[in-house]
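Step one of this worksheet: look at the structure below.
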């Protein structure tokens, strides 16, 4: 673990996204649905031969910015003790976009491509499009 404590370098109500990036560098990750939340992650793990690696220490500094002014709104520090195990969910996540009907799926490619030269002049190879 590094000796630097990011939460002590950042001042709520004073620092901006630019000054935080200057002091701490780019965040380890940003929140997917809340772009105004940055995470700085510091973690130490131990790997023993023939065993799974084990996280021995973790510190996550969470910095939340005001949406309009981009000034630091809150700084939190989380440790390994604050974490919790999450079971993997086997369910499928629907993708966004247009849902096709069964008829559209069946007829969707009709007329899209024309393959000419139907005689097999290249056995085992790809057909040529003209």
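Residue numbers (the UniProt record's numbering): 1 to 130.
Note that CB positions come from ideal geometry on N, CA and C, so glycine has one too.
Item: Looking at the secondary structure, which residues open and close the beta strand (DSSP E) in which residue 54 lies?; Value: 54-65
Item: Please return the same chain residues whose Cβ sits closer than 6 Å to the Cβ of residue 18, not counting the five positions on each side in sequence.; Value: none
Item: For residue 44, which option in 79, 99, 104, 74 has the closest C-alpha, if you only look at C-alpha atoms?; Value: 79
Item: In the stretch 20-45, which residue ranges form an unbroken alpha helix (DSSP H) of at least 4 residues, counting only runs that do not cross its ends?; Value: none
Item: If contact is defined by three or more beta carbon pairs under 8 Å, each pair taking one atom from either stretch, is the stretch 36-43 in contact with the stretch 52-61?; Value: yes
Item: What's the gap between the Cα of residue 107 and the Cα of residue 101?; Value: 10 Å
Item: Which residues in the same chain as residue 95 place their Cβ atom closer than 8 Å to its Cβ, once the five residues preceding and following it in sequence are excluded?; Value: none
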